[in-house]
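J.: Per the working numbering, the very first residue in the sequence shown carries number 88; after that it's consecutive.
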Amino acid sequence: MTSTRTQRILWSKGALPEIRTAFCLTALCMVVTYSHLRAQTADNQITIHTTEAKDTISRHIYGHFAEHLGRCIYGGFYVGENNSEIPHTDGVRTDVIEALKKLKIPNLRWPGGCFADTYHWKDGIGPKEERPEIVNVWWGGVTEDNSFGTHDFLNMCEALETEPYLAGNVGSGTVQELADWVQYVNFDGVSPMSALRQENGREEPWKVKYWGIGNEAWGCGGNMTAEYYANEYRKYATFVADWNNTGGIFRIASGASSDDYHWTEVLMKNIPHQLLEGVALHHYSVIDWSNKGPDVDFSEEQYFTILQKAMFMDELIEKHTAIMDQYDPEKDVALVVDEWGGWYEVRPGSNPGFLYQQNTMRDAMIAGTTLNIFHKYCDRVRMANLAQTINVLQAVILTEDEKMLLTPTYHVMEMYNVHQDAVMMPLDIETKDYMLGEEKLPAVSASASRDQNGVTHISLVNIDAKNPQPINITLEGGKYSKITGRILSSSQLQDHNSFEDPDKIAPTEFKGAKLSGNNQLTVTLPPFSVVVLALQ
Ligand code: AHR
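1) On the three-state DSSP scale, how would you describe Gly211?
2) Less than 8 Å between the CB of Glu231 and some heavy atom of ligand 1, yes or no?
3) Thinking C-alpha only, which one of Arg449, Lys418 and Val423 is nearest Tyr431?
4) Where do the N-terminal and C-terminal ends of the beta strand (DSSP E) with His147 fall, by residue?
5) Report buried or exposed for Val327, applying the criterion of at least 16 other Cβ atoms within 10 angstroms of its Cβ.
6) Quick one: Cα of Glu405 to Cα of Val420, how far?
7) With respect to 8 Å, is the separation between the Cβ of Asn302 and the closest non-hydrogen atom of ligand 1 below this value?
8) May I ask you to check if the CB of Val479 is nearer than 8 Å to at least one heavy atom of ligand 1?
9) Buried or exposed: where does Gly288 fall if 16 or more other Cβ atoms within 10 Å of its Cβ makes it buried?
10) Tell me whether Glu426 counts as near ligand 1, meaning its Cβ is closer than 8 Å to at least one heavy atom of that ligand.
11) How many Å lie between Pro614 and Ile550 at the Cα?
12) Where does Lys553 land, buried or exposed, given buried means 16+ other C-beta within 10 angstroms?
13) Compute the Euclidean distance between the alpha carbons of Met522 and Gly436, then round it to the nearest angstrom.
14) Would Gln270 pass as an interface residue toward chain D - the criterion being a Cβ-Cβ separation below 9 Å?
15) Taking the Cβ atom as the reference point for each residue, do Val483 and Ala186 lie within a distance shorter than 9 Å?
16) Quick check on this structure: which residue in Leu253, Val257, Asn302 and Val277 has the alpha carbon closest to the alpha carbon of Lys296?
17) Which word fits Asn131, buried or exposed, when buried means at least 16 other C-beta atoms lie within 10 angstroms of its C-beta?
18) Spatial neighbours of Arg434 within its chain, please: C-beta separation below 8 Å, excluding the five flanking residues on both sides.
19) On a Cα-Cα basis, can you pick out the residue from Asn242, Phe399 and Gln395 that is closest to Glu291?
20) Determine whether the beta carbon atoms of Leu612 and Gln556 lie at a separation below 9 Å.
21) Can Ala600 and Gly572 be called in contact, C-beta distance under 9 Å?
22) Report the option in Tyr497, Gly167, Cys244 and Asn194 whose CA atom is closest to the CA atom of Lys215.
23) What are the boundary residues of the beta strand (DSSP E) that includes Ile133?
24) Could you check whether Thr137 and Met511 sit closer than 9 Å to each other, using their CB atoms as the reference points?
25) Within this structure, are the beta carbons of Val531 and Ile574 separated by less than 9 Å?
26) Based on the DSSP secondary-structure assignment, which residues constitute the bridge partners of Tyr297?
27) Quick check: what's the CA-CA separation for Thr304 versus Met400?
28) How many Å lie between Leu363 and Ala509 at the Cα?
29) Does Asn256 pass the burial test, meaning 16 or more other C-beta atoms within 10 Å, or should it be called exposed?
30) DSSP three-state label for Val424, please.
31) State whether the region 224-237 contacts the region 153-169, with contact taken as three or more CB pairs (one from each stretch) at a distance under 8 Å.
32) Considering only heavy atoms of ligand 1, does any lie closer than 8 Å to the CB of Leu253?
33) To the nearest angstrom, report how far apart His369 and Ser603 are at their CA atoms.
34) Are there three or more Cβ pairs, one per stretch, closer than 8 Å when the region 461-473 is compared with the region 583-597?
35) Residues in its own chain within less than 7 Å of Glu352 by CB, not counting five upstream and five downstream?
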């Protein structure tokens, strides 16, 4: 059994040792009796503290990421204004807009990734036929014609009703170039950049709030040391001005790669916090960078390892947060996990530089467990971006010419979006282990929240590849009379939606939860399934 418990009994300093011993013995008897009883009933126990809900799950945890990489922008979002085969608005696919609106995506990061530190935004404005062609050096060495630029992206965000998150070029750009970009998109007074924007057809500024100051500065963004980057950041961030119209500009420092705690420490220590609203973190679930394993025909061992890597997110956030807490106990600076997801070998036959992979029930497990982790730490993790939206890595949408499909990851993100801006309910969980040989992982993960209409939602994931998991849930302090639910499951872990069978995996109604009394629930989760319950 694996358990996550809140420490609720505190010894007073003056308590007599004998009283302590007596209490311990009584408590021990109670624990033994209780575990014995539980062994005969259910194996998993969740206690949700409904009256202790205080921190909001920011909707921005449900953000996405669109890089000029492979077929994410070209062919994914954008098919060009002159394409008559695929329905579009200003070149952006209509089917994609509809699907992403249903997902309620709160923000979209662009134009990279590694591409961002090679991107010169002025190449992507003005008449399309006059825009320069460049080489996309990081992703396949293909020619980038810059036909999708700043106006295209920001207008698309308006159509998607999502907030743009622009990643500025620190690696190969200049402070002036970034300052100009901010002025171009945000300034509503008279200035050279606002005049240029108006000349290019856009009167009103877009009011972009979220700005990344470089990307992966420790790697493709310039191979900098943390100390060097912190100084660069201070300089760049100084010139990313608010222009008084965004309601507070939000600058995000290029963050650590997984467990590089030194990076976070240096940024938190060396950057004045009045220049810093967020610190990023990138963590991919990958078996081994030199042999990432197949996207579909994976073994159970490979599945287990990927889930292990995904669940490592919990430890990562805990430790990065502990460092941030030392320098920012008020939690003013957000931890922004602006790249996360599963990364496998590319689909056989596809361009290795395009990072195109299928998306199976394994990815649904990554999504469900990771979002539960983000919810748990929602007081610090206030933004995150799944990598990436379409046709790249753990995508929510795949396209093939005029065809489009929604992946299992899409369905999890859609089922979970009821938690956006809801108040998180802390919970304690005792879960059985998912065993593979001698190795184990917690089988069940969960999170809960109350939305603005007073509805409580509980998200449950069973990652066990073979065993169903019965769960007893106590909603401490709650009173409920009605329950509904949805489930995402399939018969094989490797199952996925294909262009031949695009709806093989989709959420269905879940009737397997029973409410007894006001606040006791019993649920059995099938192997590798995700369930979201609504209680009123
Ligand atoms: O998401 C693909 C790439 O992964 C991004 O461009 C980069 O930031 C990361 O290394």
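From the three backbone atoms N, C-alpha and C, an ideal C-beta is built for every residue, glycine too. Since this is a predicted model, take the numbers as computed values, not measurements.
T.: Checking against the coordinates, here is how it stands:
1) For Gly211, the three-state secondary structure derived from DSSP is helix.
2) No; taking the cut-off as 8 Å, the Cβ of Glu231 has no heavy atom of ligand 1 nearer than that.
3) A check of alpha carbon separations from Tyr431 across Arg449, Lys418 and Val423 identifies Arg449 as the nearest.
4) Where His147 is concerned, there is no enclosing beta strand (DSSP E), given that its DSSP letter is neither H nor E.
5) Buried, since its Cβ has 16 or more Cβ neighbours within 10 Å.
6) C-alpha separation (whole angstroms): 15 Å.
7) In terms of side-chain proximity, the C-beta atom of Asn302 is found nearer than 8 Å to a non-hydrogen atom of ligand 1.
8) It does: the Cβ of Val479 is within 8 Å (strictly closer) of some heavy atom of ligand 1.
9) It is exposed - the Cβ of Gly288 has fewer than 16 other Cβ atoms within 10 Å.
10) Within the cutoff, so yes.
11) Each residue's Cα considered, the two are about 7 Å apart.
12) The residue is exposed, with fewer than 16 neighbouring Cβ atoms inside 10 Å.
13) Those two C-alpha atoms are separated by around 34 Å.
14) The chain inventory of the structure shown lacks chain D, comprising one protein chain alone.
15) Yes; because the gap between Cβ atoms is below 9 Å, this pair is in contact.
16) Per the Cα distances, Leu253.
17) So Asn131 ends up on the buried side.
18) Closer than 8 Å at the Cβ level, and outside the excluded window around Arg434, lie Asp382, Tyr443, Gln444 and Gln445.
19) Measuring from the Cα of Glu291, the nearest candidate turns out to be Asn242.
20) Taking 9 Å as the cut-off, the Cβ atoms of Leu612 and Gln556 count as close.
21) In terms of Cβ geometry, Ala600 and Gly572 form a close pair [threshold 9 Å].
22) Of the listed residues, the one whose Cα sits closest to Lys215 is Gly167.
23) Segment Asn131 to His136, the beta strand (DSSP E) holding Ile133.
24) It is not a contact, given that the beta carbons lie outside the stated cut-off.
25) No, the Cβ-Cβ distance between Val531 and Ile574 is not below 9 Å.
26) According to DSSP, Tyr297 bridges with Tyr252 and Phe337.
27) Position check: residue 304 holds Ala in this sequence, whereas Thr was assumed. Distance between the alpha carbons of Ala304 and Met400: 21 Å.
28) When only Cα atoms are considered, Leu363 and Ala509 end up about 25 Å apart.
29) Under this definition Asn256 is a buried residue.
30) Assignment of Val424 by DSSP, reduced to helix, strand and coil, places it in the strand class.
31) Using a Cβ-Cβ distance cut-off of 8 Å, the region 224-237 and the region 153-169 are in contact, since at least three pairs of beta carbons, one from each stretch, lie closer than that value.
32) No, ligand 1 has no heavy atom inside 8 Å of this Cβ.
33) Rounded to the nearest angstrom, the two C-alpha atoms are 42 Å apart.
34) Too few Cβ pairs lie closer than 8 Å, so no.
35) The answer, listed in chain order, is Ile410.
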